[in-house]
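Following: one structure in structure tokens, then a few remarks.
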Amino acid sequence: MIGALAAKGASTLNAGAAAAWIHGRAGDLAGPISSQVTADMLPGAVKAAIEELFEITPESPAP
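Right, here's the structure in full:
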């Protein structure tokens, strides 16, 4: 994730910070009790965290 964000132009510091936030937020979104979060819950949670961070809505134009 850090590499992808850096490749899109983010500094390594900002890419690392964003990746840490995305992973933490995805955990929060995946379930209220972290020990009950399963791997199949994570893709949707990561997607939701990225959409929240970058304020992506269904109406947003593609970059």
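The sequence shown lines up with residues 1 to 63 when you count with the UniProt record's numbering. Where is the CB? At the ideal position from N, CA and C, for every residue including glycine.
A check of alpha carbon separations from L53 across H23, T12, G31, G9 identifies H23 as the nearest.
Along the length of the UniProt domain "YjeF C-terminal" (1-57), whole alpha helix (DSSP H) runs at least 4 residues long occupy 2-7, 12-30, 42-53, reported in chain order. With a cutoff of 7 Å on beta-carbon distance, A19 and M1 are scored as near each other. Here the alpha carbon of A30 sits roughly 14 Å from the alpha carbon of E51.
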